[in-house]
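First the structure, in the form of structure tokens, and then the observations on it.
In my numbering, the protein residues as written are 483 to 585.
Printed below as a string of structure tokens:
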């Protein structure tokens with residue numbers, strides 16, 4: 483998880499994002515990832531994927547950060563790679579990709 487993810491930390495995420503979120507830190511040692519999460523005050527669950535197995539399984543491009551929306555039907559939609567700078571940007575991306583699954 484990059485330090486750019488700091489826009490998604492703290493109490494604001496807990497109170498404004500109404501879909502479950504999970505962070506996946508790739509290519510870092512678990513101890514290093516935990517240190518960054520603590521530094522940023524990340525308020526959502528996170529796991530590590532140090533060898534990138536999940537990224538490969540989801541056919542994600544080799545760029546970071548990556549975001550995916552898992553729809554209620556279980557389908558997975560890649561959000562075009564970008565750094566989210568606010569909780570509102572996350573909310574808009576989730577809404578857009580949830581709607582895309584109903585079209």
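Glycine residues also receive a C-beta, built at the ideal position from the N, C-alpha and C atoms.
Distance from residue 532 to residue 512 at the Cβ level is roughly 7 Å; contact confirmed, criterion being Cβ atoms closer than 8 Å. About 5 Å separates the Cβ atoms of residue 563 and residue 545, confirming a contact at the 8 Å cut-off.
Around the CB of residue 507, 16 or more other CB atoms lie within 10 Å, so the residue is classed as buried. Take the alpha-carbon of residue 520 and the one of residue 529: they are about 13 Å apart. In this structure, residue 537 lies near residue 548, with their beta-carbon atoms less than 9 Å apart. Assignment of residue 559 by DSSP, reduced to helix, strand and coil, places it in the strand class.
In the assembly as shown, residue 524 is a buried residue. Its beta-carbon has 16 or more other beta-carbons within 10 Å.
Rounded to the nearest whole angstrom, the C-alpha separation of residue 517 and residue 573 is 26 Å.
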